[in-house]
Amino acid sequence: MSQTSAIDINKILRLLPHRYPFLLVDRVLEIEPGKTIKALKNVTMNEPFFQGHFPDYPVMPGVLIIEALAQTAALLTFSEAHDPEDVYYFAGIDGARFKKPVLPGDQLIMTAKLERERAGIYKFQVQATVDGELAAEANITCAVRTKGA
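One gets the numbering used here by counting positions in the sequence shown from 1 and adding 1097 to each.
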């Protein structure tokens, strides 16, 4: 297996257009280009969404877990050379399941496995775990397009 070393936050910022408060990947732990990726998100009480979701019992919204998984998949797609004018769009989601609440203090470990790619459309199987327990899973579809096209 040909793996590249971890990708730190500085390279993530070069690869993804997302910024605070919407950048949801802190580090890539492992990557096998064109195949799989494993990344992490440290979930802290300082996340802005916890003010409203929920004030008396903070839980990371499921849609943001899925977004973090889509960003992880984007890092797999963009880990190799790509046109800086390319934009990565979330195009679809199937079979999303949420199995465990994600709370402040948790470390979300996210994996994405590329199932297939054709004409700039990518399909991934994604999972998020906390302490080795499945928190969320889905099959997602993403599309790479040129800005403004």
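From the three backbone atoms N, C-alpha and C, an ideal C-beta is built for every residue, glycine too.
Owing to the predicted nature of the structure, the values given are computational and were not obtained by experimental measurement.
Three-way DSSP call (helix, strand, coil) for residue i in this model
i        : result
Glu-1144 : coil
Glu-1234 : strand
Val-1160 : helix
Phe-1187 : strand
Lys-1197 : coil
Arg-1116 : coil
Strand pairing of residue i, partner residues [DSSP]
i        : result
Leu-1211 : Phe-1221
Thr-1226 : Ile-1206 and Leu-1231
Beta-carbon proximity of residue i to residue j, cut-off 8 Å
i        : j        : result
Ile-1162 : Ala-1232 : yes
Met-1237 : Ala-1167 : First, the residue type needs correcting, since residue 1237 is Ile and not Met in the sequence shown. Cβ atoms of Ile-1237 and Ala-1167: closer than 8 Å.
Pro-1114 : Pro-1145 : no
Neighbourhood of residue i by C-beta, 7 Å cutoff - its chain only, sequence neighbours within 5 removed
i        : result
Glu-1212 : Lys-1220, Phe-1221 and Gln-1222
Sequence-distant residues of the same chain with beta carbon closer than 6 Å to residue i, five excluded per side
i        : result
Ile-1218 : Ala-1240
Review point. Just checking, does the region 1131-1144 make contact with the region 1194-1210 on the three C-beta pairs under 8 Å criterion?
Key: yes
Check your understanding: Pairing CB atoms from the region 1127-1135 with CB atoms from the region 1185-1200, are three or more of them under 8 Å?
Key -> The answer is no - the region 1185-1200 does not touch the region 1127-1135, with fewer than three Cβ pairs under 8 Å.
Review point. Counting Cβ pairs, one atom from each stretch, are 3 or more of them under 8 Å apart for the region 1101-1111 and the region 1148-1159?
Key: no
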